[in-house]
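Colleague: Take a look at this one; I'll ask things after.
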Amino acid sequence: MHITLYDIERESYKESLLHRMDGRIKMLMTLVIIIYVVSLPRLDIVTIERLGILWLYLVALIIVAGLNPVYAAARIAITLPFGLGVSILQPFIRQPFITEFNVLYKLGLGISVTAEGLLFGSVLFAKFMVCVTAVVLLSSTTQMRDMVASARRLGLPSELTLLFSMMIRYLFVFWGMLRRIRTAQKTRCFNIWNKNVPRRWILEQIGYSISSLFLRSYEQGERTYYSMLCRAYSADSQICVVTQKVGASDYMMFSVTLILIGLVQFCI
Amino acid sequence: MHIPDGLIPFPQFIIYWLFILPPLYLSLRWARQEMDEMKTPLLAVLAAGIFAIQAINLPIGMGTSGHMVGAVLAAIILGSPYAGMLLLTLVLVVQAFVFYDGGITTLGANIFNMGLVSCWSGYYTYRWLEGKLGTVSASFAGAWLGLVLSAITATLQIFLAGAFPLLEALVVMVTFHAVIGLIGEGFITATVVKFILVSRPDIMNLEQRKPISKKALFTAAAVVLVLAVAAPYIASTNPDGLEQAMVIMMGEEKIETTLGTSMQYSPPMPDYSIPGLGRAGEVLSIAAGTILVLAAGLMFMKFAGKNRVVTPGSGEDASSTGDGNNRKSNSSSSNNISSSSESKSKSKSKSKSNTDENGNDNIWVSEDRDWGTPYIIETRDLTHIYQSGSTKALNGINFSVKPGERVVLLGANGAGKSTLFKHLNGILRSTSGQVLVKGQPITKSNINDVRRTVGVVFQNPDDQIFSPTVAQDVAFGPMNLGLSPDKVERRVKQALEMVRLIGYEDRAPHHLSGGEKKRVAIAGILAMKPEVLVLDEPTNGLDPGSAARLMHLIMEMNQKLGITMILATHEVDLVPEFAQRVCVMSAGTFIGEGTPMEIFSRTDLIAKTHLRLPVVAQLMEQLKKDELDVALKLTIDGARDEILRVAGRRN
Numbered sequence: 001m002h003i004t005l006y007d008i009e010r011e012s013y014k015e016s017l018l019h020r021m022d023g024r025i026k027m028l029m030t031l032v033i034i035i036y037v038v039s040l041p042r043l044d045i046v047t048i049e050r051l052g053i054l055w056l057y058l059v060a061l062i063i064v065a066g067l068n069p070v071y072a073a074a075r076i077a078i079t080l081p082f083g084l085g086v087s088i089l090q091p092f093i094r095q096p097f098i099t100e101f102n103v104l105y106k107l108g109l110g111i112s113v114t115a116e117g118l119l120f121g122s123v124l125f126a127k128f129m130v131c132v133t134a135v136v137l138l139s140s141t142t143q144m145r146d147m148v149a150s151a152r153r154l155g156l157p158s159e160l161t162l163l164f165s166m167m168i169r170y171l172f173v174f175w176g177m178l179r180r181i182r183t184a185q186k187t188r189c190f191n192i193w194n195k196n197v198p199r200r201w202i203l204e205q206i207g208y209s210i211s212s213l214f215l216r217s218y219e220q221g222e223r224t225y226y227s228m229l230c231r232a233y234s235a236d237s238q239i240c241v242v243t244q245k246v247g248a249s250d251y252m253m254f255s256v257t258l259i260l261i262g263l264v265q266f267c268i
Numbered sequence: 269m270h271i272p273d274g275l276i277p278f279p280q281f282i283i284y285w286l287f288i289l290p291p292l293y294l295s296l297r298w299a300r301q302e303m304d305e306m307k308t309p310l311l312a313v314l315a316a317g318i319f320a321i322q323a324i325n326l327p328i329g330m331g332t333s334g335h336m337v338g339a340v341l342a343a344i345i346l347g348s349p350y351a352g353m354l355l356l357t358l359v360l361v362v363q364a365f366v367f368y369d370g371g372i373t374t375l376g377a378n379i380f381n382m383g384l385v386s387c388w389s390g391y392y393t394y395r396w397l398e399g400k401l402g403t404v405s406a407s408f409a410g411a412w413l414g415l416v417l418s419a420i421t422a423t424l425q426i427f428l429a430g431a432f433p434l435l436e437a438l439v440v441m442v443t444f445h446a447v448i449g450l451i452g453e454g455f456i457t458a459t460v461v462k463f464i465l466v467s468r469p470d471i472m473n474l475e476q477r478k479p480i481s482k483k484a485l486f487t488a489a490a491v492v493l494v495l496a497v498a499a500p501y502i503a504s505t506n507p508d509g510l511e512q513a514m515v516i517m518m519g520e521e522k523i524e525t526t527l528g529t530s531m532q533y534s535p536p537m538p539d540y541s542i543p544g545l546g547r548a549g550e551v552l553s554i555a556a557g558t559i560l561v562l563a564a565g566l567m568f569m570k571f572a573g574k575n576r577v578v579t580p581g582s583g584e585d586a587s588s589t590g591d592g593n594n595r596k597s598n599s600s601s602s603n604n605i606s607s608s609s610e611s612k613s614k615s616k617s618k619s620k621s622n623t624d625e626n627g628n629d630n631i632w633v634s635e636d637r638d639w640g641t642p643y644i645i646e647t648r649d650l651t652h653i654y655q656s657g658s659t660k661a662l663n664g665i666n667f668s669v670k671p672g673e674r675v676v677l678l679g680a681n682g683a684g685k686s687t688l689f690k691h692l693n694g695i696l697r698s699t700s701g702q703v704l705v706k707g708q709p710i711t712k713s714n715i716n717d718v719r720r721t722v723g724v725v726f727q728n729p730d731d732q733i734f735s736p737t738v739a740q741d742v743a744f745g746p747m748n749l750g751l752s753p754d755k756v757e758r759r760v761k762q763a764l765e766m767v768r769l770i771g772y773e774d775r776a777p778h779h780l781s782g783g784e785k786k787r788v789a790i791a792g793i794l795a796m797k798p799e800v801l802v803l804d805e806p807t808n809g810l811d812p813g814s815a816a817r818l819m820h821l822i823m824e825m826n827q828k829l830g831i832t833m834i835l836a837t838h839e840v841d842l843v844p845e846f847a848q849r850v851c852v853m854s855a856g857t858f859i860g861e862g863t864p865m866e867i868f869s870r871t872d873l874i875a876k877t878h879l880r881l882p883v884v885a886q887l888m889e890q891l892k893k894d895e896l897d898v899a900l901k902l903t904i905d906g907a908r909d910e911i912l913r914v915a916g917r918r919n
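So the protein sequences, as listed, match chains E and F.
The opening position of the first sequence corresponds to residue 1 in my numbering, with each subsequent residue numbered one higher.
The opening position of the second sequence corresponds to residue 269 in my numbering, with each subsequent residue numbered one higher.
Rendered as structure tokens:
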């Protein structure tokens, strides 16, 4: 399944307890979970149990948020290959930071599976899985502009906030532009694997389309900038103003998450 | 794929964050001071553009593909590594928080390797080589080196995190990135720089750039190297999770694990140390490794620079002559869609190739019409539902067009005209129903023939035109069909002649007027010798003069060459002169079909579709209300005759 910016946007516009939550709280929750996950030791079987519980909690939240399960699974699956690849290789590698290895199986050719490698690989994979799920949950329940606004209210400098909010505005414009350029190219039978034309020519065409996209985004930037000037834009201008208040349910969700992390850390 | 969360342990990721924050602050300050004080919005929009560019996959070979990073490109074009750093930071943050490409705690590490290391090394390599190799080649080298160094840094980061042995990982990562960097980073960056130099040299503004002193250059290189090597090392002495790192810091070397064995943690360095020098040996060994790889990369680049095409115009023909035969044989067989009997397809390809060999443009549409149906295009109960919505964009459309016909699709915005058009050449796949071209359903195997037969000109010419010159853009389609260079040239000339743009071959599309752009877009399709031309709102945004000239051209192509014309519009005044048949669309269905006279006589239909009568017809209606005994006429000539008749000056 192919996931695009539009799919993420569609999910983030749904209605649920999690969608309604204050963006700041959601971001903090995600950060707390990720930082806790990263801080766990990587050669400890208990880590896997702790991560398993956290993961189930996140999956439950995905269900509560009413996200399309196929979409959520596809997004996790798309992001995972790199992490999966790194984890799968670990049992066969002598990690530089471990000095003693217990060999479990010998596979010949000098390759063997070590208990430490297996454990390290499994913990890495569990860590990736929890982090991916946390971000999928955050980005599918929070609209992008809310994320920027929340980051601003959490202390992101106003200049960066301006940059991010404008970037998000034009992300969709260029995404659409790219799609239209590709359609127009398909109409004239363009296919990057076409064997009838020299590969170099194909690359040049891709280069040209990237160039024109680059130039068009630059010129769009110029036009936007001038139009902003026309409406009295200055470096001190405030662009986004959001005044959502943190409600009781937000505090509750945050505390539930913190308590869960505490329980996971000290009771297992 | 960037480094995900969990791979880089706690103390290390904090160090990377600390290292990128000062340059990030400096980048912001640069944006404020150097770029006209508050031109920062431009950077944001450009970052969005780079984000989209990163979504384009580039073919590398053997089925693999890569994509470009774009940081060095931005640094070169905007004239400062700060620009690249800032843009890439924006892109990486959005990628991490929205797509989870790269982790959030590891953002620092990712910005470190792709923003800091890549931008500075790439940009200063470019500046250093600019005088020696020229702007375009230097940008190739800078971008390539930036990517390779960034890959080396990332490898070091992963190694220090304990996940891979250094040397093996370096070999894999450097080889991989050195190869994809040639195309993804180097070639594309050089192409874009070339393109910008041609169409908007003012952006790069090469004359105004301050020369950089050698001292500054070496300092920058030294800083980058030291950072790339020293920063991760400092953090790597306590590599594991926070809990265990703290235990080790408190002096306990051994830790009991639940595996039942005791395990000794050690910093990852000693394996790669120069013996007898202690810690210094470790640092030196890493630095030596880095320099070795760098030297190898430079050698490779020198080699690559000779053989790969970097500068404009060099070695262009060498690659194209080899495939000549292959392409010729392919082009002659690419013209038929229906190949029900062998003899038929033979005779057809003969007649086609005759046309091509002689460059005779009189024979355009093949005479052979044995498709088993009188229609060149036919849709049967075509229904389309877009993924994002649940409403039917097209709902049971039955639309058939005979060869040589001129058909107008009339409908308000959002009626489904553009969606229907995307079905006619197989860009969209139907939810249900069928599209037949020359009696054959569109399949994967005949899709290229269908697209050659049915040419679609889209509404916004800017989406279609992307090459640096008009001629190159018109050649795009014929090249894709695999025609030989001289045939392509002939087709380009022919097409430009037809749209009256001879003499515009070397102009940049960028500098054309709206009407001219539209004509280039049509020429681009004409060069593929389509038998059906589908035009989406062709006169949209044109001044009345240009619009009239364009319509005249379209009529001419239909009458002289026999090209079937399907045209979507909501400009009703165009319809009576042009159309033989009108189909009225509303909310994804056909609600009326007939001659212009039949359609415009039905006032209910017109009201329903948010359209109006052509002005001439409005005048006639008005005259009728004034109790003048006139019949409804749609064209100016018809109305004139009718009024003269009523005035008694003509029979």
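Glycine included, each C-beta is placed from N, C-alpha and C at the ideal position.
Classify F/A691 as buried or exposed, calling it buried when 16 or more other Cβ atoms lie within 10 Å of its own Cβ.
Modeller: Sequence inspection shows His at residue 691 of chain F; the Ala mentioned does not correspond to that position. The residue is buried, with at least 16 neighbouring Cβ atoms inside 10 Å.
Colleague: To the nearest whole angstrom, what separates the beta carbons of F/A364 and F/L355, a pair I think is in contact under 8 angstroms?
Modeller: Actually they are not in contact, since the Cβ atoms of F/A364 and F/L355 sit about 15 angstroms apart, beyond 8 angstroms.
Colleague: Decide yes or no for the touch test of the stretch 634-643 of chain F against the stretch 668-675 of chain F: beta carbon pairs closer than 8 angstroms, at least 3 of them.
Modeller: yes
Colleague: Could you give the DSSP three-state label for F/E646: helix, strand or coil?
Modeller: strand
Colleague: What's the gap between the Cα of F/P798 and the Cα of F/S405?
Modeller: Straight-line Cα distance between these residues: approximately 39 angstroms.
Colleague: Would you be able to state if there are at least three C-beta pairs under 8 angstroms between the stretch 679-690 of chain F and the stretch 839-856 of chain F?
Modeller: Touching, yes.
Colleague: If we ignore side chains and look at the alpha-carbon of each, how far apart do E/E9 and F/Q848 end up?
Modeller: Each residue's CA atom was taken as its position, placing E/E9 and F/Q848 some 44 angstroms apart.
Colleague: Going along chain E in order, which residues have a C-beta closer than 7 angstroms to the C-beta of F/M747?
Modeller: V197 and W201
Colleague: In the structure shown, what three-state DSSP assignment does F/G862 receive?
Modeller: strand
Colleague: For my contact list, F/L794 and F/T807 are in at a C-beta cut-off of 8 angstroms; report their separation, rounded to the angstrom.
Modeller: With 8 angstroms as the limit, F/L794 and F/T807 do not qualify as a contact, their Cβ atoms being about 17 angstroms apart.
Colleague: Going by C-alpha to C-alpha distance, which of E/P96, E/L104, E/Y170 and E/S139 sits closest to E/A65?
Modeller: E/S139
Colleague: For E/L213, return the contacting residues in chain A, with the cut-off set at a CB-CB distance below 7 angstroms.
Modeller: No chain A appears in the structure shown, which is made up of the protein chains E and F.
Colleague: Between F/S781 and chain E, is the shortest Cβ-Cβ distance under 8 angstroms, so that the two count as touching?
Modeller: no
Colleague: In chain F, what lies closer than 9 angstroms to E/E159 by C-beta?
Modeller: Under the 9 angstroms cutoff, chain F gives L296, A299, R300 and T308.
Colleague: Could you say if the stretch 90-97 of chain E and the stretch 147-164 of chain E meet the contact criterion of at least three C-beta pairs nearer than 8 angstroms?
Modeller: no
Colleague: With a threshold of 8 angstroms between beta-carbons, can E/R152 be considered close to chain F, or not?
Modeller: no
Colleague: Using 8 angstroms as the limit for Cβ to Cβ distance, is F/T373 near chain E?
Modeller: yes
Colleague: Hey, out of E/G262, E/W193 and E/R182, whose CA is closest to F/A323's CA?
Modeller: E/R182
Colleague: Just confirm the distance between the C-beta atoms of E/L58 and E/L137, as a whole number of angstroms; I'd bet it's less than 8 angstroms.
Modeller: Indeed they touch by this definition, with Cβ atoms about 6 angstroms apart.
Colleague: Could you tell me which of F/N381, F/A312 and F/V361 sits nearest to F/A351, measuring between CA atoms?
Modeller: F/A312
Colleague: Please state the DSSP three-state secondary structure of F/G701.
Modeller: strand
Colleague: Just the Cα atoms here: how many angstroms apart are F/V466 and F/G338?
Modeller: 19 angstroms
Colleague: Entirely within the stretch 101-173 of chain E and at least 3 residues each: give me those beta strand (DSSP E) ranges in chain order.
Modeller: 103-108 and 111-114
Colleague: Using the C-alpha atoms, what's the distance from F/G410 back to F/Y393?
Modeller: Rather than Tyr, the amino acid found at residue 393 of chain F in this sequence is Thr. So the alpha carbons of these two residues sit roughly 5 angstroms apart.
Colleague: Would you say F/T459 reaches chain E, if we count a Cβ-Cβ gap shorter than 8 angstroms as a contact?
Modeller: yes
Colleague: Could you confirm whether any beta carbon from chain F is found closer than 8 angstroms to the beta carbon of E/V132?
Modeller: A Cβ of chain F is located within less than 8 angstroms of the beta carbon of E/V132.
Colleague: I need the straight-line Cα distance from E/N102 to F/V361, nearest angstrom please.
Modeller: 40 angstroms
Colleague: Would you check if the stretch 701-709 of chain F and the stretch 738-749 of chain F touch, i.e. whether three or more CB-CB distances between them fall below 8 angstroms?
Modeller: no
Colleague: Does the Cβ of F/L896 have 16 or more other Cβ atoms within 10 Å, making it buried, or fewer, making it exposed?
Modeller: exposed
Colleague: Here's the rule I'm using: 16 or more other beta-carbon atoms within 10 Å means buried, otherwise exposed. How should E/K195 be labelled?
Modeller: With fewer than 16 Cβ atoms within 10 Å of its Cβ, E/K195 is classed as exposed.
Colleague: Just to check my reading of the structure: F/I344 and F/Y391 have Cβ atoms closer than 8 angstroms, yes? What is that Cβ distance to the nearest angstrom?
Modeller: 6 angstroms
Colleague: Return the bridge partner residues of F/T857 from the DSSP annotation.
Modeller: Here F/T857 is bridged, per DSSP, to F/S854.
Colleague: Using only alpha-carbon positions, find the residue among E/L89, E/L160 and E/M129 that is nearest to E/A115.
Modeller: Of E/L89, E/L160 and E/M129, the residue nearest in Cα terms is E/L89.
Colleague: DSSP three-state call for F/A915: helix, strand or coil?
Modeller: coil
Colleague: Got a sec: is the Cβ-Cβ distance from F/L314 to anything in chain E below 8 angstroms?
Modeller: yes
Colleague: According to DSSP, F/G723 sits in a beta bridge with which residue or residues?
Modeller: F/L801
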